[in-house]
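Read through the structure below, which is laid out as structure tokens, and then see the notes.
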Amino acid sequence: SQQGEEDPQALSIQEGENATMNCSYKTSINNLQWYRQNSGRGLVHLILIRSNEREKHSGRLRVTLDTSKKSSSLLITASRAADTASYFCATGVAAGNKLTFGGGTRVLVKP
Amino acid sequence: SQTIHQWPATLVQPVGSPLSLECTVEGTSNPNLYWYRQAAGRGLQLLFYSVGIGQISSEVPQNLSASRPQDRQFILSSKKLLLSDSGFYLCAWSVTEQYFGPGTRLTVT
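Printed below as a string of structure tokens:
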């Protein structure tokens, strides 16, 4: 079963705009990770935020985590056409480092 | 640096035929290894994971099995494929974050 649920399911924006997507989950986690998948390809790890962290930055990416609300957000600033992809959140637990993935947000950045 | 290989990239197999997908990792020792399946337009479903040679945990009951004959080799198999086995299969390895292979698109006809 899916632990994380992304919102929205799809997002269409103009190049240069910011893209925000959210992830909600149900049970306690060790960490939460965001991945990107270009069409028909494998997933690429973007950023990991641990359960005791509240915010993390990596380049144009900003991730927040609110464990009280069991939610996370991914912000892509100044989007580019190359950011067009599906973005997945995944919740991690310590045992076996298993991840449970959400259904993803499809982002289309129009040039 | 670490790399992960997965083959074949695409595969078309008839119902009832056997399956063997292979995944190998280079540049790391004793990684956790994972097999996922992704249906079209959906998230990933964890099928199997392994924390060491010969140690396989199955996450969902299904027509598939997995084996880890060597530290950095993970194999997904089936004796008789079903139509419902079609999908995009991804192998991954991890220390903390997971690193994915390029995937195998399997079509069962």
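The listed protein sequences correspond, in order, to chains A and B.
No gaps in the numbering here: position 107 of the first sequence is 117 in our numbering, and each next residue is one more.
No gaps in the numbering here: position 35 of the second sequence is 39 in our numbering, and each next residue is one more.
Where is the CB? At the ideal position from N, CA and C, for every residue including glycine.
Only a predicted model underlies this, so the values are computations on that prediction, with no experimental measurement involved.
Buried or exposed by the 16-neighbour rule on C-beta atoms within 10 Å, applied to Asn28 of chain A: Counting from one through the first sequence, the residue named residue 28 of chain A turns up at place 18. Flag for Asn28 of chain A reads exposed.
Residue-chain proximity (Tyr103 of chain B, chain A), Cβ-Cβ < 8 Å: Indexing the second sequence from 1 puts residue 103 of chain B at position 99. Taking a beta-carbon distance threshold of 8 Å, Tyr103 of chain B counts as an interface residue toward chain A.
Straight-line gap, Gln59 of chain B to Gln74 of chain B (C-alpha atoms, nearest Å): Here residue 59 of chain B corresponds to residue number 55 of the second sequence, with the count starting at 1. Here residue 74 of chain B corresponds to residue number 70 of the second sequence, with the count starting at 1. Whole-angstrom Cα-Cα distance: 11 Å.
Residue range of the unbroken beta strand (DSSP E) whose run includes Gly91 of chain B: Sequence index remark: in the second sequence, residue 91 of chain B carries index 87 (1-based). The continuous beta strand (DSSP E) containing Gly91 of chain B extends over residues 91 to 98.
CB contact below 8 Å: Leu109 of chain A versus chain B: The residue labelled residue 109 of chain A in the question sits at position 99 within the first sequence. Contact of Leu109 of chain A with chain B is assigned, a C-beta pair being separated by under 8 Å.
Asp75 of chain B - DSSP class collapsed to helix/strand/coil: Position 71 of the second sequence holds residue 75 of chain B. Collapsing the DSSP output to three states places Asp75 of chain B in coil.
Where Ala124 of chain A sits in the DSSP three-state scheme: No answer is possible for residue 124 of chain A: the residues shown for chain A start at 11 and end at 121.
Classification of Lys108 of chain A by the beta-carbon crowding that lies within 10 angstroms, buried from 16 upward: Taking the first residue of the first sequence as position 1, residue 108 of chain A is located at position 98. Around the beta-carbon of Lys108 of chain A, 16 or more other beta-carbon atoms lie within 10 Å, marking it buried.
Simplified DSSP assignment, three categories, for Ser68 of chain A: Counted from its first residue, the first sequence places residue 68 of chain A at position 58. When secondary structure is reduced to three states using DSSP, Ser68 of chain A falls in the strand class.
Proximal residues of chain A, C-beta to C-beta of Pro106 of chain B below 7 Å: Sequence index remark: in the second sequence, residue 106 of chain B carries index 102 (1-based). Those within 7 Å of Pro106 of chain B in chain A are Arg51, Gly52.
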